[in-house]
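Asks: Chains as they are written, first to last, in this note's numbering: chain A, 579 to 689; chain B, 1125 to 1239.
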Amino acid sequence: GQQVMQIPQYQHVQEGEDFTTYCNSSTTLSNIQWYKQRPGGHPVFLIQLVKSGEVKKQKRLTFQFGEAKKNSSLHITATQTTDVGTYFCAGRTSGTYKYIFGTGTRLKVLA
Amino acid sequence: DSGVTQTPKHLITATGQRVTLRCSPRSGDLSVYWYQQSLDQGLQFLIQYYNGEERAKGNILERFSAQQFPDLHSELNLSSLELGDSALYFCASSATGNLLDTEAFFGQGTRLTVV
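1) Which same chain residues end up closer than 6 Å to N1183 of chain B when comparing Cβ atoms and leaving out the 5 residues on each side of it in sequence?
2) For Q1160 of chain B, go through chain A and note every residue whose CB falls closer than 8 Å to its CB, in chain order.
3) Taking Cβ-Cβ distances shorter than 8 Å, what residues in chain B pair up with G680 of chain A?
4) I need the straight-line Cα distance from H1254 of chain B to A1219 of chain B, nearest angstrom please.
5) For T664 of chain A, name the three-state secondary structure that DSSP assigns.
6) Reducing DSSP to helix, strand and coil, say where L1163 of chain B ends up.
7) Which one of A:Q587, A:E595, A:Q581, A:N649 has the shortest CA to CA distance from D697 of chain A?
8) On the DSSP letters alone, give me the boundaries of the beta strand (DSSP E) that H1197 of chain B sits inside.
9) At the level of alpha carbons, what is the spacing between K1133 of chain B and T1234 of chain B?
10) State yes or no: is the beta carbon of H590 of chain A nearer than 8 Å to at least one beta carbon in chain B?
11) Kindly indicate the opening and closing residues of the beta strand (DSSP E) around L1135 of chain B.
12) Who does S608 of chain A pair with in a DSSP beta bridge?
13) Once you ignore the five residues that flank R684 of chain A on each side, which residues in its own chain have a CB closer than 6 Å to its CB?
14) Using alpha carbons as the reference points, say which of B:L1185, B:V1239, B:F1229 lies closest to G1152 of chain B.
15) Rounded to a whole number of angstroms, what is the C-alpha to C-alpha distance between K637 of chain A and E1206 of chain B?
16) Would you please verify whether the beta carbon of Y665 of chain A is less than 8 Å from any beta carbon of chain B?
17) At the level of alpha carbons, what is the spacing between E1178 of chain B and I678 of chain A?
18) For a cutoff of 8 Å on Cβ pairs, would you count Q642 of chain A as touching chain C?
19) Let me check understanding here. Comparing Cα to Cα, which of A:K635, A:K629, A:V633 lies closest to K647 of chain A?
20) Is the beta carbon of E593 of chain A closer than 8 Å to that of A668 of chain A?
21) Only counting the same chain, and skipping five residues up and downstream in sequence, which positions put a Cβ closer than 6 Å to that of L1223 of chain B?
22) Quick check on Y600 of chain A - is its C-beta less than 8 Å from some C-beta in chain B?
23) Strictly under 8 Å for the Cβ-Cβ distance: is G1244 of chain B near chain A by that measure?
24) Give me the chain B residues within the contact set of P586 of chain A, using Cβ-Cβ distance strictly less than 8 Å, ordered along the chain.
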């Protein structure tokens, strides 16, 4: 079945350093969504990517969708302590309705 | 506040028992999703309903069942509970069930502890 893996599983960075998490799907995706879950909280939607090679930016966050629509990345520039949390990608395979969440990357930012 | 309401927030029950988790989606949202998140784990998709009908099924055990009612609220029933069923159960809702969906809004979750 469809699998979505994320690397790294954990990342500790100093405040001000950059951070990137990668999402890889075993199948081609119709679209991909990114969510952030703060410790003790619930996932909150960040963005959706639909087109091959699409790049979207939200302030310090940059999201990319691979040309083959099988991978995606989230890059945070100059991390802040408010960026702490687990970042999940969620992909949907063409022809299906369900989103499969990636394994998540837990980010810790050291002040 | 996401607008998705889940009750109860916490539930402690014994092995072998049956529980029902309830979810009220955001006003106007037709799709409801259920996810299971075990300790420090990812989100496992269980099932999706759209306007009262089952739309997609994930890794949902036969001991688990769900439904969406005419008023669009949903219930997840977990029976013959085992220790391994202890987890955070999230409900999410979205506006449509189309392939290019809009964002999903998650509730605060129900933390189930089986003892």
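Backbone N, C-alpha and C fix where the C-beta goes; we use that ideal spot for every residue, glycine too.
It should be emphasised that the depicted structure is a prediction, and the values quoted were computed from it without experimental measurement.
Replies: Quick look at the numbers:
1) Shown here for N1183 of chain B: same chain residues with a beta carbon closer than 6 Å to its own, the five before and five after excluded, namely Q1168 in chain order.
2) For Q1160 of chain B, there are no C-beta contacts with chain A under 8 Å, since the nearest C-beta of that chain is about 11 Å from it.
3) Correct list: G1166.
4) Missing from the structure shown is residue 1254 of chain B; chain B here goes from 1125 to 1239 and no further.
5) The answer is strand: DSSP assigns T664 of chain A an E or B state.
6) DSSP places L1163 of chain B in coil when its eight states are reduced to three.
7) Chain A is shown only over 579 to 689; residue 697 of chain A falls outside these bounds and no answer can be derived.
8) Careful: H1197 of chain B lies outside any beta strand (DSSP E) and carries neither H nor E.
9) Taking the CA atoms as reference points, K1133 of chain B sits about 5 Å from T1234 of chain B.
10) Any Cβ of chain B closer than 8 Å to the Cβ of H590 of chain A would place that residue at the interface, and such an atom is absent.
11) Secondary structure note for L1135 of chain B: its beta strand (DSSP E) is the uninterrupted segment 1134-1137.
12) S608 of chain A is not bridged to any residue.
13) Exclusion of the five residues before and after R684 of chain A leaves Y588, T664 as the residues of its chain whose Cβ lies within less than 6 Å of its Cβ.
14) Comparing C-alpha distances from G1152 of chain B to each of B:L1185, B:V1239, B:F1229 shows the shortest one belongs to B:F1229.
15) The alpha-carbon atoms of K637 of chain A and E1206 of chain B are separated by roughly 45 Å.
16) Not one chain B Cβ lies under 8 Å of Y665 of chain A.
17) In this model, E1178 of chain B and I678 of chain A are separated by some 17 Å (Cα to Cα).
18) In the structure shown, chain C cannot be found, because the protein chains are A and B.
19) Of the listed residues, the one whose Cα sits closest to K647 of chain A is A:K629.
20) For the 8 Å CB-CB criterion, A668 of chain A and E593 of chain A do not form a contact.
21) Reliability of the predicted coordinates at L1223 of chain B is poor, the pLDDT of 49 falling under 50, and no value is obtained from them.
22) Not closer than 8 Å to any Cβ of chain B, the Cβ of Y600 of chain A fails to qualify, so no.
23) In this structure chain B extends from 1125 to 1239, so residue 1244 of chain B is not present and cannot be described.
24) Per Cβ cutoff of 8 Å: no residues; P586 of chain A is ~14 Å from chain B at best.
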